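*Asks:* Sequential numbering of the sequence shown, starting at 202, is according to our numbering. Backbone N, C-alpha and C define an ideal beta-carbon position, used for all residues, glycine too. Small disclaimer: the values here were computed from a predicted structure and weren't measured. What follows is a structure written as structure tokens; I'll ask about it next.
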Amino acid sequence: MADLLRSGFTMLNIACPECSNPIFRSKDNEKFCPSCNRKVLFVDEKPYNSKNKANENMSRLSQINEGNIVNNSIDSIEEILNGKIKWIAEKLQNETQLDLIVKCIQILSNLYDLMKKFSSKPRQE
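Quick look at the structure:
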């Protein structure tokens, strides 16, 4: 390595991906690993911060799809609530025990309140 420095190579602060030894740059701007005895190519010399890039992508994706996701979620929740209301109503129809009838009515009341909350929410476009 000392011979490379004496002959004009510059030691870089980048390690070889194969052997983790320092990479050297020649006067021709070619990057070289002396341990592996081969040229090293870099796709992009700019530092890449994957967290920032991922956050940007997620932000863009959420902005694009936020309206659709909210509307689809509300629609599926309303479908589920309608199904549960029908199911509880059928149970209530055949129930003879007073305490279970009261529980079914309380559940139906709660489900109905939830339905009102979701139907009053404005849809996003």
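#1: If you compare alpha carbons, which of K228, K232, K317 is closest to P218?
#2: What residues match up with K232 in a beta bridge as DSSP calls it?
#3: Tell me which residues share the same chain as M212 and place their Cβ nearer than 6 Å to its Cβ, disregarding the 5 neighbours each side in the sequence.
#4: What are the start and end residues of the alpha helix (DSSP H) that includes L213?
#5: At the level of alpha carbons, what is the spacing between N301 and L282?
#6: Rank K317, M316, S310, D314 by C-alpha distance to the C-alpha of L293 and give the top, closest one.
#7: So, at 7 Å on beta carbons, what are the nonlocal neighbours of F319 in its own chain, with the 5 sequence-adjacent residues on each side left out?
#8: Would you tell me roughly how many angstroms separate the C-alpha atoms of G284 and Y313, rounded to the nearest one?
#9: Using alpha carbons as the reference points, say which of N214, L315, I286, G209 lies closest to D229.
#10: Could you tell me if C220 is buried or exposed, where buried requires 16 or more neighbouring beta carbons within 10 angstroms of its beta carbon?
#11: What residue range does the alpha helix (DSSP H) around F319 cover?
#12: Using 8 Å for Cβ pairs, my map puts I289 next to C305. What's the rounded Cβ distance?
*Replies:* Here's the rundown:
#1: As a working note, residue 218 is residue 17 in the sequence shown. Closest option to P218, Cα to Cα, is K232.
#2: If you number the sequence shown from 1, residue 232 lands on position 31. Answer is R226.
#3: The residue labelled residue 212 in the question sits at position 11 within the sequence shown. Only P223, F225 meet the Cβ criterion.
#4: Taking the first residue of the sequence shown as position 1, residue 213 is located at position 12. Per DSSP, L213 belongs to no alpha helix (DSSP H); it is in the beta strand (DSSP E), 211-216.
#5: Locating residue 301 in the sequence shown gives position 100, counting from the first residue. Locating residue 282 in the sequence shown gives position 81, counting from the first residue. First, the residue type needs correcting, since residue 301 is Leu and not Asn in the sequence shown. If I take the Cα positions, the gap works out to 20 Å.
#6: Here the question's residue 293 lines up with position 92 in the sequence shown. Among K317, M316, S310, D314, the Cα nearest to that of L293 belongs to S310.
#7: Taking the sequence shown and counting its residues from 1, one reaches residue 319 at position 118. Excluding residues within five positions, the ones whose Cβ falls inside 7 Å are I275, I278, E279.
#8: Position 83 of the sequence shown, counted from the first residue, corresponds to residue 284. Position 112 of the sequence shown, counted from the first residue, corresponds to residue 313. Between G284 and Y313, the C-alpha separation is close to 12 Å.
#9: By 1-based counting over the sequence shown, the position of residue 229 is 28. Among N214, L315, I286, G209, the Cα nearest to that of D229 is on G209.
#10: Residue mapping note: residue 220 aligns to position 19 of the sequence shown, counting from 1. The residue is exposed, with fewer than 16 neighbouring Cβ atoms inside 10 Å.
#11: Along the sequence shown, one-based indexing puts residue 319 at 118. Here the alpha helix (DSSP H) through F319 covers 299-321.
#12: Here residue 289 refers to the residue found at position 88 of the sequence shown. Here residue 305 refers to the residue found at position 104 of the sequence shown. The Cβ separation is near 5 Å, so the contact holds.
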